[in-house]
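Undergrad: In my numbering, the protein residues as written are 70 to 378. Think of the CB as a built atom: it goes at the ideal place given N, C-alpha and C, for glycine as much as any other residue.
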Amino acid sequence: VYIHMARSLFYGSYKEPRELIWIIGVFIFLLMIATAFMGYVLPWGQMSFWGATVITNLFSAFPVVGESIVTWLWGGFAVGNPTLSRFFSLHYLMPFALAGLVFLHIWALHVPGNNNPLGVDVKSKGDTLPFHPYYTVKDAFALTVFIIFFALFVFYIPNYMGHPDNYIPADPMVTPAHIVPEWYFLPFYAILRAVPDKLGGVLLMFGAIAVLFVVPWLDTSKVRSAKFRPIYKQFFWVLAADCVLLGIVGAKPAEGVWLVVGRLATVYYFLHFLVIMPLVGLLERPNPLPKSIAEAVLAKKQSAAAPAE
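1) For the ligand ATP, is there a heavy atom less than 6 Å away from the beta-carbon of Val366?
2) Where does Pro233 fall in DSSP's three states?
3) Determine the direct distance from the alpha carbon of Leu162 to that of Val171, and round the result to whole angstroms.
4) If we count Cβ pairs, one from each stretch, closer than 8 Å, do we get three or more for the region 190-208 versus the region 102-119?
5) So Ala263 and Leu273 are in contact, right, with Cβ under 8 Å, and what is the actual spacing, rounded?
6) So is Thr335 buried or exposed if we call it buried at 16+ other beta carbons inside 10 Å?
7) Would you please state the rounded distance, in angstroms, between the beta carbons of Leu281 and Val70? I believe it to be under 8 Å.
8) Quick one: which unbroken alpha helix (DSSP H) runs of 4-plus residues sit fully inside the region 241-282? Chain order, please.
9) Considering only DSSP beta bridges, list what Pro238 is partnered with.
10) Could you check how far apart the C-beta atoms of His341 and Leu308 are, in whole angstroms? I think they sit under 8 Å.
11) Let me know the alpha helix (DSSP H) ranges lying completely inside the region 103-177, each 4 residues or longer, listed in chain order.
12) By Cβ distance below 6 Å, which residues in the same chain neighbour Trp327 in space, the five residues on each side in sequence not counted?
13) List the endpoints of the continuous alpha helix (DSSP H) containing Ala309.
14) Using 7 Å as the threshold, is the C-beta distance between Val271 and Leu127 below it?
15) Kindly give me the distance between the Cβ atoms of Ala239 and Phe118, rounded to whole angstroms, as I take these residues to be in contact under 8 Å.
16) Please look up how many angstroms separate the CB atoms of Tyr301 and Val349, rounded, as I've assumed it's under 8 Å.
17) Quick check on the burial criterion: 16 or more other C-beta atoms within 10 angstroms. Buried or exposed for His247?
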């Protein structure tokens with residue numbers, strides 16, 4: 070999913086007329102986060118228990134209603150069996166909601182059609198390919214590669230991304246030395262801890278996801294693909310490195326140099342979307358676009374086939 074989102078950001082797949090596809094995709098991402106979090110609580114190990122305690126406690130940062138929300142989530146005055154039962158029920162329900170959103174995602178894609186690496190609109194039938202066998206073979210290949218990669222972790226290194234502390238049964242009286250969420254939450258966890266104020270950290274963490282909803286309108290460039298945007302392309306790779314850095318920081322204790330690095334990385338994350346993206350779109354001079362997809366593909370083939378002098 071992260072690779073899919075990065076590819077969409079690089080090729081401008083969120084831009085008109087595909088804004089709805091992008092927004093539904095961000096909702097899918099949000100629902101996946103919620104489903105994964107609730108699933109992580111279910112083993113009821115030390116990390117599960119204390120992860121649930123820390124994350125649900127975040128809602129207490131909101132004035133007036135915060136404490137009531139936390140009590141409602143817990144089903145009592147502390148994380149316990151009622152919390153586990155609720156999370157189990159929701160964890161069972163959410164994949165069905167996820168399947169519904171995926172259907173809407175495909176429906177929204179069906180109207181404007183696929184984007185392409187050039188970011189150029191389809192102008193004639195010569196710019197398109199039949200879905201079968203071209204797309205089916207491409208998708209089957211991608212799925213096979215993913216399954217091999219996934220199977221490597223499942224069968225050979227299932228605990229590589231996990232935490233040994235989660236094999237210890239949940240104990241409310243013993244706090245782990247270092248509470249760490251699963252790897253896919255680490256960038257957001259780093260943003261949460263970048264601010265000493267609890268409410269500020271919560272708002273920044275939710276803001277890091279919320280800003281994705283408005284990306285189609287923050288990007289002011291008329292050109293979709295970063296292939297033709299030399300300046301934006303450089304900033305995109307800085308953002309990618311920044312997200313990896315936030316993931317590393319999220320796995321480290323919030324102290325010393327890691328705290329400083331986390332704050333700088335958090336500043337750049339928001340700077341990229343709220344300042345750099347709008348400004349670069351206005352100031353950048355993109356490279357010339359091809360007149361059509363077919364023209365670009367044929368020109369590339371001709372240059373590859375031309376004999377070397």
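TA: Taking the geometry as given:
1) This structure does not include the ligand ATP; it has no bound ligands of any sort.
2) helix
3) 15 Å
4) no
5) 7 Å
6) buried
7) At roughly 12 Å, the Cβ-Cβ gap does not stay under 8 Å, so Leu281 and Val70 are not in contact.
8) 255-262 and 267-282
9) Gly114
10) 5 Å
11) 115-126 and 135-143
12) Val318 and Lys321
13) Pro299 to Gly319
14) yes
15) 4 Å
16) 5 Å
17) exposed
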